[in-house]
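Okay, so here's the structure we're looking at.
In this note's numbering, the protein residues as written are 1 to 393.
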């Protein structure tokens, strides 16, 4: 895919590529689940079409699109397979994060190969000790989606770089040569994401591969001075989950399409399923829930990008609202697919049934803390009544 920068013609092209991939992802969904990782052909499709570079800086061959375009593409791909769409989303999200690192870190990756894929883990599970010229990273990290196909990892770590050597949540960039993949991803939902644990032992991280999380949270990262598009001034905490929520919404819409087809073709005790009043009500409510979720989450992403485009920063209220809206979009999607599976009948028991796969994947995603309704509703509730959010965002 050529370097198209932020040209307004890029969005429809990316959405076209995504729609064309939906049937392919759907065909591979069972294989992805059984292999417990995204198929190589799907990775190749994402790279060849340029979808994996949707948020990558244009100076490194990416499309440099705003976050709401990533959300739209995620919704489309989610209709085909939530696991594979989730991995796509991770690749896009971490390329956006790498764009906020110092220039040399970006050159280390994209200067060598602009099609390199990146995965990682935000939670600062590991430890790092100072050494000459950088840090030595040790530790084990969980839920590294797409790691089997990525050349680099970005992981969170607490570094003593704050006032009085206080620890700061930072991100470090580490080559795949320094990581070990732990084959422990045996789960009931989102199995095809390949979200295995990764482990590092005395992995050297030079100083230029460290990103101060405080700067990233304020939209003042060193990379944002080089890559000036508004998307690179986006705070990672309190905004990024709109894209993962979009995957879930797409999965719900895919399940609704499957259920609609089921209603048109199946019978219940000799009566066309389409003629059953309760089925019609379930379909109508589920489609309204999924469409409401789409409008809520996509509208939230667009409003945030519009604000960033003016040079303004996202404030605490924006972040709390983003968390609330993303989680509510997921909750609506969960309610929609749960309602449909309840009346799918025995056909919904089979592993090849896409509705039951969407059910398992969506319920798995809803338990992920950035998408959990209970947690994120609490964050917004605390903000709304003026309580402290320290440690919540």
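Ideal placement from N, C-alpha and C gives every residue a C-beta, glycine not left out.
Remember, predicted model here, so these are calculated numbers, not experimental data.
What are the boundary residues of the beta strand (DSSP E) that residue i is part of?
i           : result
residue 395 : Because the chain is modelled from 1 through 393, residue 395 falls outside the range shown and cannot be assessed.
residue 118 : 118-131
residue 216 : Run containing residue 216: none in the beta strand (DSSP E); it sits in the alpha helix (DSSP H), 213-218.
From residue i to residue j, what does the alpha carbon distance come to, in whole angstroms?
i           : j           : result
residue 383 : residue 375 : 13 Å
residue 366 : residue 18  : 24 Å
residue 414 : residue 287 : There is no way to answer for residue 414, as the model of the chain reaches only from 1 to 393.
residue 352 : residue 129 : 48 Å
residue 145 : residue 262 : 32 Å
residue 67  : residue 232 : 9 Å
residue 88  : residue 219 : 24 Å
residue 209 : residue 274 : 57 Å
residue 268 : residue 354 : 20 Å
residue 5   : residue 227 : Any reading at residue 5 is ruled out, since the residue's pLDDT is 44, under 50, leaving its predicted position unreliable.
residue 255 : residue 229 : 35 Å
residue 386 : residue 214 : 23 Å
residue 177 : residue 283 : 49 Å
residue 364 : residue 132 : 43 Å
residue 3   : residue 105 : Because residue 3 carries a pLDDT of 40, less than 50, the predicted location of this residue cannot be relied on, and the following value inherits that uncertainty. If I take the Cα positions, the gap works out to 21 Å.
residue 85  : residue 164 : 43 Å
residue 33  : residue 149 : 16 Å
residue 78  : residue 22  : 8 Å
residue 29  : residue 38  : 9 Å
residue 90  : residue 347 : 32 Å
residue 47  : residue 234 : 24 Å
residue 49  : residue 92  : 13 Å
residue 111 : residue 103 : 10 Å
residue 42  : residue 14  : 16 Å
residue 281 : residue 260 : 12 Å
residue 94  : residue 325 : 22 Å
Mapping DSSP to helix, strand and coil, what is residue i?
i           : result
residue 76  : helix
residue 183 : coil
residue 388 : coil
residue 176 : helix
residue 303 : helix
residue 383 : helix
residue 171 : strand
residue 54  : coil
residue 223 : helix
residue 166 : coil
residue 1   : Note that residue 1 scores 41 on pLDDT, short of 50, meaning its location in the model is unreliable and no value can be drawn from it.
residue 154 : strand
residue 109 : helix
residue 393 : coil
residue 351 : coil
residue 343 : coil
residue 378 : helix
Taking residue i as part of the alpha helix (DSSP H), name the residues at either end of that continuous run.
i           : result
residue 23  : 10-35
residue 40  : 40-49
residue 147 : Element bounds for residue 147: n/a, residue is neither H nor E.
residue 206 : Per DSSP, residue 206 belongs to no alpha helix (DSSP H); it is in the beta strand (DSSP E), 196-206.
residue 188 : No alpha helix (DSSP H) contains residue 188, which DSSP labels as neither H nor E.
residue 65  : Looking at the DSSP string, residue 65 is not in any alpha helix (DSSP H), and its letter there is neither H nor E.
residue 242 : 241-265
residue 274 : Unbroken run through residue 274: none, as it is neither H nor E.
residue 113 : No alpha helix (DSSP H) holds residue 113; DSSP gives it neither H nor E.
residue 161 : First-last for residue 161: undefined, no H or E at that position.
residue 369 : Per DSSP, residue 369 belongs to no alpha helix (DSSP H) and is neither H nor E.
residue 314 : Here residue 314 belongs to no alpha helix (DSSP H), and DSSP marks it neither H nor E.
residue 84  : 82-98
Measuring CB to CB, does residue i end up less than 7 Å from residue j?
i           : j           : result
residue 71  : residue 242 : yes
residue 114 : residue 162 : no
residue 196 : residue 181 : yes
residue 135 : residue 36  : no
residue 371 : residue 327 : yes
residue 97  : residue 205 : no
residue 293 : residue 329 : yes
residue 157 : residue 126 : yes
residue 101 : residue 299 : no
residue 63  : residue 10  : yes
residue 198 : residue 147 : yes
With a threshold of 6 Å, establish whether the CB of residue i neighbours any heavy atom of the ligand GTP.
i           : result
residue 261 : Within the structure as shown, the ligand GTP is missing, as the structure has no ligands at all.
Worksheet entry | Any 3 or more C-beta pairs closer than 8 Å across the stretch 310-328 and the stretch 225-238 | yes
Practice prompt. Report yes or no: do three or more beta-carbon pairs, one from the stretch 149-161 and one from the stretch 113-125, lie closer than 8 Å?
Written response: yes
Practice prompt. Indicate whether the contact test is met: 3 or more Cβ pairs, each with one atom in the stretch 327-336 and one in the stretch 242-260, closer than 8 Å.
Written response: yes
Worksheet item: Can you find at least 3 beta carbon pairs, one from the stretch 185-194 and one from the stretch 344-361, that sit closer than 8 Å?
Response: yes
Worksheet item: Taking three-plus beta-carbon pairs below 8 Å as touching, is the stretch 300-316 in contact with the stretch 339-347?
Response: no
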